[in-house]
């Protein structure tokens, strides 16, 4: 068990390091003129000189990489601009540390995603179990059909239509608004509820079929037959025996999805106008503010790697059939 | 002749076939059986018609626009100088209306917009399959160091945030290959070509790992099967074992994967163009038209709705067709 955990952690760390190297390569070695690229669209020759001095862009690339990584771990002093750890870089367009901007955007994305997960795992598991229980019956067909239909339409199209018609035109659901949970938990909840329900419902369609297939698969296992032969009711079997094994694959999928989403629920944030990580990257794209994009990418990679690790370790706890070795 | 997967299904199909009909055939490959099943699937056939329609629109775009008599020029006389909007939604001259302010024809942009969707979807998924299958075969069949390295690369690429990377790579590529002038301006045509190539590369780069992972798993189980062992012990060269024994048995998973990738890529292209990080004028794309039309969803709905319906319908048809293909290849997973 310990060996397994250690191996996973080492693998995770190596991937993480590679992700940092890759980000560095793309953003510092990619452009033919890094200072000009990092400077943004409205750039002055003075500022380019400043950037070159701040980041030491005329020094050898390896030295630049060491400085960059050191900044991530211990903070940096970018030519007098204090950049505390984890220093993700300096936005020359906004003239402030990238870490600040990410810190502001991160809670927004986390709020959207966490609320969404609660909705879509509940609905996904619920509908998946119902469909598996009534396999082949009309109810099952309706659930599978609807989920197939919803997953087959691009998410951004559904989100855009929902926003325009349900929120703006008919005003059925109040427009989304983010307030920090620390300021006012109640407005935090009500402001995001509409989005959670929409985003969660649409995404749950992705999982219904997985949960259903997995539950059907578990039905044929010996221990389920044992439970059935000792006279347990179908509902009890489904909930206390089959579910644990049935949702294990779902957990892996969920881990991957959450990781991808935390990197930026881009479409949700852009369409509903919430200033999360995805929207931060997009606004930075519009202003050619590359250091910010680089920072968001690194944060995204860290989240994905750590969540994947967590899911791998949790997998053994949830599914009684899996023994980590 | 391929043994391996689907021998049982072959026997079942033969039993069906033995009815009156022509003389019974020797046996069918799993692919042939799947195709037969697919032909009986009504939903799949309906989807094929929808897909065929959009393929025709893409191929015949120049013909369609000349029939409709529209062009890509500005028509400032068509829009009201005060509101910027046309007084009509759709008329004989401009069946899908015109853009606000510039009066550019939307039918023209719709017809030509079908092209990048399909080209990106097909080109990117074909490339993804080539790279993914090659790497998967190498990792699964050779094992050892190759397997470790490929698996690590797969893990690594899958841990990068795909959409954020896509957003980051576009400006870098533009800066490096676009020859921007001092104010950062890049020639329009050049920028749109670079964006097109970058989009395909990004899609392939971040998707081949999933294909490679799947193929590797399949190869690992096939490698131990008797017919592969037999071929090897007969002294068949590795290249021949891979080409003649393994690949034919991978056709099923490959086709299923391909039919999943194409709609996913088309949706991603539309999504990225919608966000403004995908394709750009003068390459027309439905995603881009949607994002421009959204502002006028209330006063000029046709602008946004036509591309919205088109992209949804195309992706829906392709996905349902993909599901049908996957059912045809794996009948036991059928509901």
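Protein chains in written order, with full-length UniProt numbering: chain A, 1 to 325; chain B, 1 to 335.
C-beta atoms are modelled at their ideal positions from N, C-alpha and C, and glycine is treated no differently.
For clarity, every value in this text was computed on a predicted model and none was experimentally measured.
Out of the options, state which residue places its alpha-carbon closest to the alpha-carbon of residue i.
i              : options                       : result
residue 337(B) : 329(B), 167(B), 218(B)        : Residue 337(B) falls outside the range modelled here, since chain B spans only 1 to 335, and no answer is possible.
residue 176(A) : 162(A), 182(A), 183(A)        : 162(A)
residue 47(A)  : 57(A), 60(A), 56(A), 35(A)    : 35(A)
residue 229(B) : 215(B), 246(B), 216(B)        : 246(B)
residue 206(A) : 181(A), 127(A), 135(A)        : 127(A)
residue 151(B) : 214(B), 264(B), 83(B)         : 214(B)
residue 29(B)  : 97(B), 110(B), 248(B), 83(B)  : 248(B)
residue 222(B) : 92(B), 131(B), 244(B), 44(B)  : 244(B)
residue 204(B) : 143(B), 68(B), 122(B)         : 122(B)
residue 198(A) : 220(A), 165(A), 104(A), 64(A) : 165(A)
residue 138(B) : 298(B), 265(B), 242(B)        : 242(B)
residue 291(A) : 120(A), 51(A), 229(A)         : 51(A)
residue 279(B) : 120(B), 226(B), 97(B), 254(B) : 120(B)
residue 283(A) : 171(B), 180(B), 49(B)         : 171(B)
residue 66(B)  : 46(B), 111(B), 48(B), 32(B)   : 111(B)
residue 168(B) : 296(A), 15(A), 302(A)         : 296(A)
residue 178(A) : 75(A), 256(A), 192(A), 16(A)  : 192(A)
Just to confirm my understanding: we take residue i, look at its own chain, exclude 5 residues before and 5 after, and list those with CB closer than 7 Å. What are they?
i              : result
residue 115(B) : 58, 61
residue 155(A) : 202, 267
residue 256(B) : 325, 326, 329
residue 333(A) : Absent from the model: residue 333(A). The displayed extent of chain A is 1 to 325, so no value can be given.
residue 166(B) : 202, 272, 277
residue 209(A) : 144, 147
residue 285(A) : 293
residue 154(B) : 209, 212, 213
residue 299(B) : 85
Residues of chain A with a CB under 7 Å from the CB of residue i: which are they?
i              : result
residue 311(B) : 154, 157
residue 323(B) : 148
residue 237(B) : By Cβ distance, chain A contributes nothing, its closest Cβ being about 34 Å from residue 237(B), past 7 Å.
residue 167(B) : 281, 282, 285, 293
residue 48(B)  : Within 7 Å Cβ-Cβ: nothing; residue 48(B) doesn't reach chain A, min ~15 Å.
In chain A, which residues lie with their C-beta within 9 Å of the C-beta of residue i?
i              : result
residue 156(B) : 14, 15, 18, 19, 22
residue 209(B) : Result: empty, since nearest Cβ-Cβ is about 12 Å, beyond 9 Å.
residue 116(B) : By Cβ distance, chain A contributes nothing, its closest Cβ being about 15 Å from residue 116(B), past 9 Å.
residue 315(B) : 152, 153, 154, 157
Please list, in chain order, the chain A residues whose beta carbon lies closer than 8 Å to that of residue i.
i              : result
residue 308(B) : 157, 160, 161
residue 320(B) : 148, 152
Please return the same chain residues whose Cβ sits closer than 8 Å to the Cβ of residue i, not counting the five positions on each side in sequence.
i              : result
residue 189(B) : 282
residue 35(B)  : 328
residue 146(A) : 205
residue 72(A)  : 20, 85, 86, 87, 88, 298
residue 21(B)  : Confidence at residue 21(B) is low in this model, with a pLDDT of 46, below 50, so the placement of that residue should be treated as unreliable; the coordinate-derived value is given next. Contacts found: none.
residue 196(A) : 112, 115, 116, 118, 119
residue 180(B) : 174, 186
Given that residue i touches chain B, what residues does it touch there, using C-beta distances under 7 Å?
i              : result
residue 270(A) : 275
residue 31(A)  : 172, 175, 176
residue 308(A) : 159
residue 305(A) : 159
residue 267(A) : 271
residue 301(A) : 159, 160, 161
Cutting at 6 Å between CB atoms, please list the residues of its own chain near residue i, excluding the five before and the five after it.
i              : result
residue 134(A) : 140
residue 158(B) : 209
residue 12(B)  : Residue placement at residue 12(B) is flagged as unreliable, the pLDDT there being 43, under the threshold of 50; the coordinate-derived value follows with that caveat. None.
In chain B, what lies closer than 9 Å to residue i by C-beta?
i              : result
residue 27(A)  : 168, 172
residue 296(A) : 161, 164, 167, 168
residue 164(A) : 294, 297, 298, 304
residue 11(A)  : 152, 155
residue 37(A)  : 171, 172, 175, 176
Examine the ligand GDP and report whether any of its heavy atoms sits within less than 7 Å of the Cβ of residue i.
i              : result
residue 114(B) : The ligand GDP is not among the ligands present in this structure, which contains no ligands whatsoever.
Output, in sequence order along the chain, the residues in the stretch 284-305 of chain B whose CB is closer than 9 Å to any CB in chain A. 287, 290, 291, 294, 297, 298, 304
Under 9 Å, CB to CB, which of the residues in the stretch 261-287 of chain B have a partner in chain A? 263, 266, 267, 268, 270, 271, 274, 275, 276, 277, 287
Against chain A: residues of the stretch 169-202 of chain B by CB proximity under 7 Å: 169, 171, 172, 175, 176, 184
Are the stretch 88-99 of chain A and the stretch 26-41 of chain A touching by the rule of at least three beta carbon pairs closer than 8 Å? yes
Relative to chain B, which residues along the stretch 89-102 of chain A have a C-beta separation below 9 Å, given in chain order? none
contact_flag[the stretch 183-200 of chain B, the stretch 232-250 of chain B] where n(CB pairs < 8 Å) is 3 or more: no
Would the stretch 249-260 of chain A and the stretch 138-157 of chain A be scored as touching if the rule is three or more Cβ pairs under 8 Å? no
Would you check if the stretch 242-258 of chain A and the stretch 208-215 of chain A touch, i.e. whether three or more CB-CB distances between them fall below 8 Å? yes
I want to know whether the stretch 65-78 of chain B touches the stretch 101-117 of chain B - three or more CB-CB distances under 8 Å. yes
Tell me whether the stretch 311-323 of chain B and the stretch 261-272 of chain B touch, counting them as touching only if at least three CB pairs, one residue from each stretch, are closer than 8 Å. yes
Closer than 8 Å between beta carbons: that is the criterion. Which residues of the stretch 105-120 of chain A meet it against chain B? none
If contact means a Cβ-Cβ distance below 9 Å, which residues of the stretch 168-192 of chain A contact chain B? 168, 169
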